[in-house]
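**Student:** I'd like to ask you about the structure that follows.
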Amino acid sequence: MIRYFQTFIVAAETASFSAAGARLGLTQSAVSTQIRRLEEDLGCSLFDRAGKSVALSEEGRKLLPEALRFVALYQGMKGLAQAQPQADMAPLDLGAVSTVQATLLPKAMQRFRAAYPATYVNIVPGMSNQLLTQVDARELDIAVMIRPRLGLSAELKWVPLMQERFVCVAPAGAPTEMKAVLAALPFIRYNRHSMGGQLVDRYLKGHRLWVNEGMELDEPAVMLQMVEEGLGCAIIPSELVPLRETPNVQAVPMPGPPIHREIGVLVRAAALKRPSTEALIEAFVAESRRWEARNRSAGKAAKARRPTKSAAARAAKPK
1 MIRYFQTFIV AAETASFSAA GARLGLTQSA VSTQIRRLEE DLGCSLFDRA
51 GKSVALSEEG RKLLPEALRF VALYQGMKGL AQAQPQADMA PLDLGAVSTV
101 QATLLPKAMQ RFRAAYPATY VNIVPGMSNQ LLTQVDAREL DIAVMIRPRL
151 GLSAELKWVP LMQERFVCVA PAGAPTEMKA VLAALPFIRY NRHSMGGQLV
201 DRYLKGHRLW VNEGMELDEP AVMLQMVEEG LGCAIIPSEL VPLRETPNVQ
251 AVPMPGPPIH REIGVLVRAA ALKRPSTEAL IEAFVAESRR WEARNRSAGK
301 AAKARRPTKS AAARAAKPK
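Residue numbers (UniProt numbering): 1 to 319.
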């Protein structure tokens, strides 16, 4: 919340959200978001808005001196805290999408704890679009999420972890051709407000594939369970869901080039100066490599167990 008051003070001084953003290293939308949330928390309007210009409202003028005192008090407390020898024990705010929380996160935290056993980590769930906004607004230090389509500002750094291929899944016994599957079964859609869901939506439109809308959600692992229960078919990222361990589900070939999403770590450049932040990112890099090696090994084992065409023919031939 202190960041919101600092943004409020700079916006009041510049009478412009874009100028305040330039001074603070934020986008104009991030400044607007912080001011709106501060207004919601205080229950009043701090600025009168007219087009692109802003001016302090009556409530804003009354609260500005208090905000200045509040921030000055905080800066004094911060100076005392930084004089202590435990500066890198400060809490870390970590955002993570649901599939990462259920897979990479536990082991990555185990690795991190070996080096930083006393550092408090606040884990925040969310979709990638939400996490991007929160990192941009300095509400999160880092986020493990899907890579945004748009370019990132110089203040934000991207550390790639892994590529996830999307697969079409259907209940066992469903047709083996994708158009037939989509025609026969309700479609369990990946939430279109998420980055992964937007990838799926562009793929369907690009291949002129029409679906029978059944439901929409943002949990690939839950979508896989829905398919296993015979509730429909879906297109989901495959690396971080238990696809091979889920019975009664079959993968259906998808026409055209495969689609992927990139999982990685989004971090503010300033946060990288903290050794604890670097250690947490390194823990995710190591765990993603271990996870990819595990998936490659499982894929080779499954291929080895699959009978060859000649073996299958011999087995089917009557004796």
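Every residue, glycine too, gets a C-beta built ideally from N, C-alpha and C.
Go ahead and pull the three-state DSSP assignment for V135.
**Tutor:** helix
**Student:** According to the neighbour-count rule (16 or more other Cβ atoms, all chains shown, within 10 Å of its Cβ), is A269 buried or exposed?
**Tutor:** Per the 10 Å Cβ criterion, exposed.
**Student:** Relative to the C-alpha of N212, which residue among R192, F187, R69 is closest?
**Tutor:** That would be F187, whose Cα lies nearest to the Cα of N212.
**Student:** Got a sec, what are the start and stop residues for the beta strand (DSSP E) P253 sits in?
**Tutor:** Premise fails: P253 is in no beta strand (DSSP E) and is neither H nor E.
**Student:** Does the count of Cβ pairs from the region 223-240 and the region 161-172 closer than 8 Å reach three?
**Tutor:** yes
**Student:** Distance check for M195 and G232, CA to CA, integer angstroms please.
**Tutor:** Cα to Cα, the separation comes out at about 22 Å.
**Student:** What does a CB cutoff of less than 6 Å around K52 pick up in its chain, not counting 5 residues either side in sequence?
**Tutor:** none
**Student:** What do you get for I35, buried or exposed, if any count of 16 or more other CB atoms within 10 angstroms of its CB means buried?
**Tutor:** buried
**Student:** Comparing C-alpha positions only, which one of Q101, P106, A11 sits nearest to R61?
**Tutor:** A11
**Student:** Between the Cα of L185 and the Cα atoms of V200, V31, I235, P117, which residue gives the shortest distance?
**Tutor:** I235
**Student:** Between Q110, D41, S45, which has its C-alpha nearest A286's C-alpha?
**Tutor:** Looking at Q110, D41, S45, the one whose alpha-carbon comes closest to that of A286 is Q110.
**Student:** Who pairs with G95 in a beta bridge, going by DSSP?
**Tutor:** V124, A143
**Student:** I need the DSSP call for A271, collapsed to helix, strand or coil.
**Tutor:** A271 falls in the helix class under three-state DSSP.
**Student:** Can you tell me which of the three DSSP states M215 falls into?
**Tutor:** strand
**Student:** Chain B beta carbons: is any one of them nearer than 7 Å to that of T246?
**Tutor:** The structure shown contains no chain B, having only a single protein chain.
**Student:** With E245 as the anchor, note down where its beta strand (DSSP E) starts and where it stops.
**Tutor:** First-last for E245: undefined, no H or E at that position.
**Student:** Are the CB atoms of F284 and V144 within a distance shorter than 7 Å?
**Tutor:** Going by C-beta atoms, V144 is nearer than 7 Å to F284.
**Student:** Quick check: the Cα distance between P85 and R274, rounded to an integer number of angstroms?
**Tutor:** Confidence at P85 is low in this model, with a pLDDT of 42, below 50, so the placement of that residue should be treated as unreliable; the coordinate-derived value is given next. Their Cα atoms are separated by approximately 14 Å.
**Student:** Near R37, what residues of its chain come up, given a Cβ to Cβ distance below 7 Å and the 5 sequence neighbours on each side ignored?
**Tutor:** Y4
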